[in-house]
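A.B. asks:
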Amino acid sequence: MFVILFVIVGLWGWGKVTIVFSDWHLVEPHWEKALKEAIALFEQLNPDIDVELEYVSYAEKETKYTTAIEAGVGPDVMHLGPIEVSFALFASRGYFLDLTPFIEAEGPGFLEAWYPETIQAVTYDGKIYAMPGDFMSMILMYNKRLFAEAGLDPERPPETWEEFLEYAKALTRDRDGDGIIDTWGFGAVGAVDPGFQLRFSPVLFSFGADYLSQDYKCSALNTREAIEAYKFFVELFTVHKVVPPGVTAMTPGKVREQFAAEKVAMIISSGWGPPIVKSIRPDVNWDEIIGFSHIPVKAGTDPRYRTTAWLSYWAINRIPSILKRPGV
Numbered sequence: 000m001f002v003i004l005f006v007i008v009g010l011w012g013w014g015k016v017t018i019v020f021s022d023w024h025l026v027e028p029h030w031e032k033a034l035k036e037a038i039a040l041f042e043q044l045n046p047d048i049d050v051e052l053e054y055v056s057y058a059e060k061e062t063k064y065t066t067a068i069e070a071g072v073g074p075d076v077m078h079l080g081p082i083e084v085s086f087a088l089f090a091s092r093g094y095f096l097d098l099t100p101f102i103e104a105e106g107p108g109f110l111e112a113w114y115p116e117t118i119q120a121v122t123y124d125g126k127i128y129a130m131p132g133d134f135m136s137m138i139l140m141y142n143k144r145l146f147a148e149a150g151l152d153p154e155r156p157p158e159t160w161e162e163f164l165e166y167a168k169a170l171t172r173d174r175d176g177d178g179i180i181d182t183w184g185f186g187a188v189g190a191v192d193p194g195f196q197l198r199f200s201p202v203l204f205s206f207g208a209d210y211l212s213q214d215y216k217c218s219a220l221n222t223r224e225a226i227e228a229y230k231f232f233v234e235l236f237t238v239h240k241v242v243p244p245g246v247t248a249m250t251p252g253k254v255r256e257q258f259a260a261e262k263v264a265m266i267i268s269s270g271w272g273p274p275i276v277k278s279i280r281p282d283v284n285w286d287e288i289i290g291f292s293h294i295p296v297k298a299g300t301d302p303r304y305r306t307t308a309w310l311s312y313w314a315i316n317r318i319p320s321i322l323k324r325p326g327v
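Residue numbering for the sequence shown follows numbering that gives the first Met the number 0, starting at 0 and increasing by one per position.
What follows is the structure, given as structure tokens:
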């Protein structure tokens, strides 16, 4: 984020100015606080620049930015992701400022801080139109305390989906003794939400399935492997009952809340998981409780592990505020 803000600093040539910064994380309390602290530091380092915050929901950001930029307005700095949803479309329409001259001005070695694949992902027609944000893979996050209570080894997470189901059944239980199940083995994202695809894809891949055929000419979701992956995932709720009720309304945020409340013992997450859970219940020593492992695979499948990776990016409006000023 700071890199893209400092690029915009290079556009200012006079007086005190205000730039508009938009990020879907601003509507999430655990991220809003961190972003405000970072922006306060930026303003301290750049006293001639004030940063105005623009709040936008995750689901609405692409539509809102498209409409605004087409009208010649919109935020100066915007956070978008995942990369495959909007970058090529926005870059091809000329919505973003070309950052290549600013990067070249930094001299050799500037881009070494990023994986080459992430820079390639924000390159269009030979020009860099954004800077990569968070780049991380999906993993299995689990509660060691609940594992121990259920008689499972906290240092031995499940390696296969067969083991995962056994663990999930053991973890689904009545913890307070009132005869009603109050803790479940797995917290699943089931809402129509971009977070579902990100979390289900590792399951699909680990069964040896994929979304497209190897020649990329047709869907591969009707293959035996894909059907088996979907069946396994759905039956965690419908047959095995190791997922809490209301799964079709569960977004990533709600599932993390379930994990923080210790209502679910395992979730598919990423690097965002721990800090969000800690912010929900800061009184708990999560560093001793949270465990991490790779996503399980189907027994007997290709031993090479496959998962999904998330990549977001920061971009500057093609017409920054400084160029919208009267007389410019």
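Beta carbons are placed, not taken as given, at the ideal position from N, Cα and C, and that holds for glycine. Remember, predicted model here, so these are calculated numbers, not experimental data.
#1: Could you give the DSSP three-state label for K32: helix, strand or coil?
#2: Between the alpha carbons of G242 and F291, how many angstroms are there, rounded?
#3: Among L235, I289, F231, which residue has its Cα nearest to the Cα of A167?
#4: Roughly how many whole angstroms lie between the Cα atoms of E154 and W23?
#5: Report the rounded CA-to-CA distance for S21 versus V76, giving the unit in angstroms.
#6: With H, G and I counted as helix, E and B as strand and the rest as coil, what does DSSP make of G150?
#7: Roughly how many angstroms lie between the CA atoms of K297 and G207, to the nearest whole one?
#8: Would you mind giving the Cβ-Cβ distance between L170 and L145, rounded to the nearest angstrom? I have them listed as a contact below 8 Å.
#9: Need the endpoints of the alpha helix (DSSP H) that D286 sits in, please.
#10: Count Cβ pairs between the region 183 to 196 and the region 251 to 269 that sit closer than 8 Å; are there 3 or more?
#11: Between which residues of its own chain and S212 is the CB-CB distance below 8 Å, once the five residues before and five after are set aside?
#12: Where do the ends of the beta strand (DSSP E) carrying P131 lie?
#13: Starting from S91, follow the alpha helix (DSSP H) in both directions and report where the run begins and ends.
C.D. replies: According to the structure shown:
#1: The three-state reading of DSSP puts K32 in helix, counting H, G and I together.
#2: Contrary to the premise, residue 242 reads as Val rather than Gly in this sequence. Rounded to whole angstroms, the gap between the alpha carbons of V242 and F291 is 19 Å.
#3: It is L235 whose Cα lies nearest to the Cα of A167.
#4: In a straight line, the C-alpha of E154 is about 36 Å away from that of W23.
#5: Using only the alpha carbons, I get a separation of about 6 Å.
#6: In the structure shown, G150 sits in coil (DSSP, three-state: anything other than H, G, I, E or B).
#7: Approximately 8 Å, taken between the alpha carbons.
#8: The C-beta distance from L170 to L145 rounds to 6 Å, short enough to fall under 8 Å.
#9: Start and end: 285 to 288.
#10: Contact holds: three or more Cβ-Cβ distances are below 8 Å.
#11: Leaving aside the five residues that flank S212 on each side, the residues in its chain whose CB is nearer than 8 Å to its CB run, in chain order, S218, A219.
#12: From DSSP, the beta strand (DSSP E) with P131 extends over 130 to 136.
#13: Per DSSP, the continuous alpha helix (DSSP H) segment holding S91 begins and ends at 82 to 91.
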